[in-house]
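Trainee: Below you will find the structure I want to go over with you.
In this note's numbering, the protein residues as written are 1 to 272.
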């Protein structure tokens, strides 16, 4: 985890995002890189095909938002006593979430805030661009700044390809953790290896872990049970595969990923 990418914007969770990124960077001697995350606006957007009225993007407001993002990032580094080369800022990043996915492909970790439903919170579009387009893991900061990161790691194991990939990405955290728990929710698995099999595999890497199963049923795909047990264990990093079920299905019926994204109070490492 030597390179961390931090899309920066003026939302309410930015402080937690930066603190979470700093915990990860300090743990691995990593470098934090920020850039201004700006919405993508077409220069001219048709509003009325009859009258020909158009809406023109406000470049000045966009530039102001980018400058505020930069000031937020640099002020945090000064306040926390972080000096270069432990951080850097990328100027003139293109607008739009697509940049997060493409640019993030050469970073070990992309750090984002837990998405919300209004402009004062991180965007789900940004998270999905990072998750589906970068090929890299994302670290999702909780609403409140965590006191620690990766001492007690819980792997939300469901036997899926997505969770296997997330576990592989999390190996640097797992090798440093004081405690690792492989947690399975009943009724929330797909055909694949058991939690006990994963625990044995981790043991061959010198990672001591314990496998647990909790009643899960089909309530929110087991996400509720996973979060409750993780909190009871004092988890400060939850490792989870994202969207074993499709996004559309989860939007309609709910699912573990959707529930974790909406309710997690601890940092979450995800991969698809």
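C-beta: ideal position from N, C-alpha, C; glycine also.
(1) The beta strand (DSSP E) spanning residue 159 covers which residue range?
(2) Check whether the stretch 93 to 106 and the stretch 124 to 134 touch, using three or more Cβ-Cβ pairs below 8 Å as the test.
(3) Where DSSP assigns a beta bridge to residue 32, which residues make up the other side?
(4) Rounding to the nearest angstrom, what Cα-Cα distance links residue 169 and residue 175 in this structure?
(5) Rounded to a whole number of angstroms, what is the C-alpha to C-alpha distance between residue 5 and residue 112?
(6) What is the rounded straight-line gap between the Cα of residue 185 and the Cα of residue 211?
(7) What does DSSP give as the partner residues of residue 223 in its beta bridges?
(8) Applying the criterion that 16 or more other CB atoms from any shown protein chain within 10 Å of the CB defines a buried residue, is residue 204 buried or exposed?
(9) How many whole angstroms separate the CB atoms of residue 268 and residue 140, which I take to be in contact at a CB cut-off of 8 Å?
(10) Looking at C-alpha atoms only, which residue of 271, 91, 206 and 114 is the closest neighbour of residue 67?
(11) Just how far apart, CA to CA, sit residue 191 and residue 161?
(12) Apart from the five residues just before and just after residue 166, which ones in its own chain have a Cβ nearer than 7 Å to its Cβ?
(13) If you compare alpha carbons, which of 116, 237 and 25 is closest to residue 156?
(14) Would residue 65 and residue 10 qualify as a contact pair, given that the criterion is a beta-carbon distance under 9 Å?
(15) Once you ignore the five residues that flank residue 231 on each side, which residues in its own chain have a CB closer than 8 Å to its CB?
(16) Can you find the residues in the same chain that come closer than 6 Å, C-beta to C-beta, to residue 262, ignoring five residues on each side of it along the sequence?
(17) Going by C-alpha to C-alpha distance, which of 82, 159 and 114 sits closest to residue 144?
(18) Determine the DSSP secondary structure at residue 48, reduced to helix, strand or coil.
(19) Alpha carbon to alpha carbon, how far is residue 214 from residue 78?
(20) In three-state terms, what does DSSP make of residue 98?
(21) Which residues in the same chain as residue 196 place their Cβ atom closer than 6 Å to its Cβ, once the five residues preceding and following it in sequence are excluded?
Mentor: According to the structure data:
(1) Unbroken run through residue 159: none, as it is neither H nor E.
(2) yes
(3) 4 and 87
(4) 12 Å
(5) 9 Å
(6) 11 Å
(7) Looking at the DSSP assignment, residue 223 forms no beta bridge with any residue, so it has no partner.
(8) exposed
(9) 4 Å
(10) 91
(11) 10 Å
(12) 137, 239, 240, 241, 269, 270 and 271
(13) 237
(14) yes
(15) 265 and 266
(16) none
(17) 114
(18) Its pLDDT being 45, under 50, residue 48 is placed unreliably in this model, and the coordinates cannot settle the point.
(19) 44 Å
(20) helix
(21) 211
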